[in-house]
Amino acid sequence: MKNKEWKVLAAVMAFALIAGLALPALAQEVKEKPRMYTYVALWELPRAQWAEWTKSEAEDNSILQGAVANGTLVSYGDDTNLVHQPDQPTHDDWFQSMSMAGLMNTLDQFYKSGRTATPMQESATKHWDNIYVSRYYNWKPGSVKEGYSYGSSYKLKEDAPNDAIDILAKAIVPIMEKMLSAGVINEYEIDTEAVHTDSPGTFWIFWIGSNADALDKTNANLRDALKSNPLIGPAFDSMVDFKPHRDYLTRTNATYK
254 MKNKEWKVLA AVMAFALIAG LALPALAQEV KEKPRMYTYV ALWELPRAQW AEWTKSEAED
314 NSILQGAVAN GTLVSYGDDT NLVHQPDQPT HDDWFQSMSM AGLMNTLDQF YKSGRTATPM
374 QESATKHWDN IYVSRYYNWK PGSVKEGYSY GSSYKLKEDA PNDAIDILAK AIVPIMEKML
434 SAGVINEYEI DTEAVHTDSP GTFWIFWIGS NADALDKTNA NLRDALKSNP LIGPAFDSMV
494 DFKPHRDYLT RTNATYK
């Protein structure tokens, strides 16, 4: 997200946060949900293998579709990176469950099926995995084909309160829920690491839109929210260190139960 656009988002979040703190009744509208876990496998693939990615994902989906059908998973998908950086993933696939056991049981099916050692995967120059947990999320059931995902990572300041994510969620969730209800986005989540492979205090905000128009509509919604509410308070800036902030833009296929 461009710097100017981020300032718009920060302004909206700051207002919502201060308003929520000042009006406890409003703040109570945002409540954490049962923990949802996400397993993500990330790959840096040679360009010559990119066409094989689509074929490989189609074969993986038979396992994932079955896991959603029997209730082990609540969603699954795959991403193709659109903004390439050195030593960063070109592709990833992921699945989500309401328990760690659901993730591990699904992963075990992949190991037993031999789907973890395909020629395409063995061609990867880099590979790593992450496991996230979310307590703030929502989606519309159904599938998104060749949609767009936008992700942003942030780092809490060392002196941020222990419940900083919960406080920030009071600002973030209403914005996301409004866009979800309006059909601008299909899904959103606020993630932290369940298994820490990054520095503590890092969190991610992800959302999925069904087409490229979602990118412009999301920014338009943020601008409209700013116009309707004044910029008050440095609350968001006081808890987040923006130096390590990064954004991610991908083409996405996703299915939600």
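Note that my numbering has the sequence shown beginning at 254, numbered continuously upward.
Every residue gets a Cβ at the ideal spot worked out from N, C-alpha and C, and that includes glycine.
Since this is a predicted model, take the numbers as computed values, not measurements.
Return helix, strand or coil for M351, following the three-state DSSP convention. In the sequence shown, counting from the first residue as 1, residue 351 sits at position 98. The answer is coil: DSSP assigns M351 none of H, G, I, E or B.
Which one or two residues does DSSP pair with E446 in a beta bridge? Counting from one through the sequence shown, the residue named residue 446 turns up at place 193. In DSSP, E446 forms a bridge with Y385.
Pick from T505, E440 and V327 that is closest to E399, judged by C-alpha positions: The residue labelled residue 399 in the question sits at position 146 within the sequence shown. Of T505, E440 and V327, the residue nearest in Cα terms is T505.
Bridge partners of Y200, per DSSP? For residue 200 there is no data in the structure shown, the boundaries of the chain being 254 and 510.
Considering only residues of the region 283-324, which uninterrupted beta strand (DSSP E) runs meet the minimum length of 3 residues and lie entirely inside it, listed in chain order? 289-297
Excluding sequence positions up to five away, which residues of its chain have a Cβ less than 8 Å from the Cβ of G355? Within the sequence shown, the letter at position 102 stands for residue 355. Counting only Cβ-Cβ distances below 8 Å, and skipping sequence neighbours, we find Y290, A320, T325 and L326.
Go ahead and pull the three-state DSSP assignment for E411. By 1-based counting over the sequence shown, the position of residue 411 is 158. Coil, per DSSP.
Residues bridged to E440 by DSSP? As a first step, residue 440 must be located in the sequence shown, where it is residue number 187. In the DSSP output, where bridge partners are listed per residue, E440 has W392 and I461.
Candidates L335, N472, M492 and Y441, of which the one nearest G454 by Cα: One-based indexing of the sequence shown puts residue 454 at position 201. The residue with the shortest Cα to Cα distance from G454 is M492.
Identity of the residues DSSP links to N334 by a beta bridge: Position 81 of the sequence shown, counting from 1, holds the residue named residue 334. DSSP lists T503 as partners of N334.
Roughly how many angstroms lie between the CA atoms of R368 and G330, to the nearest whole one? Translated into positions along the sequence shown, residue 368 becomes position 115. Translated into positions along the sequence shown, residue 330 becomes position 77. If you take the alpha carbons of R368 and G330, they lie about 16 Å apart.
What is the DSSP secondary structure of I485, counted as helix, strand or coil? As a working note, residue 485 is residue 232 in the sequence shown. Legend: pLDDT at I485 = 31, less than 50; position of this residue unreliable, value from coordinates given subsequently. Three-state DSSP puts I485 in coil, outside helix and strand.
Go ahead and pull the three-state DSSP assignment for T528. No answer is possible for residue 528: it lies beyond the span of the chain, which begins at 254 and ends at 510.
Identify whether D361 lies in helix, strand or coil by the three-state DSSP scheme. Indexing the sequence shown from 1 puts residue 361 at position 108. Helix at D361.
Measuring alpha carbon to alpha carbon, tell me which of T471, L468 and S406 ends up nearest P497. Indexing the sequence shown from 1 puts residue 497 at position 244. Of the listed residues, the one whose Cα sits closest to P497 is S406.
Given a cut-off of 8 Å on the beta-carbon distance, is the pair F459 and S402 in contact? Here residue 459 refers to the residue found at position 206 when the sequence shown is read from its first residue. Here residue 402 refers to the residue found at position 149 when the sequence shown is read from its first residue. Going by C-beta atoms, F459 is nearer than 8 Å to S402.
Do the region 460-468 and the region 437-452 make contact, defined as three or more Cβ pairs closer than 8 Å? yes
Which residues bound the alpha helix (DSSP H) around L326? Locating residue 326 in the sequence shown gives position 73, where the first residue counts as 1. Looking at the DSSP string, L326 is not in any alpha helix (DSSP H), and its letter there is neither H nor E.
Leaving aside the five residues before and after A417 along the sequence, list all residues of the same chain whose C-beta is less than 7 Å from its C-beta, in chain order. As a position in the sequence shown, residue 417 is number 164, starting the count at 1. Cβ neighbours of A417 beyond the five flanking positions: L409 and M492.
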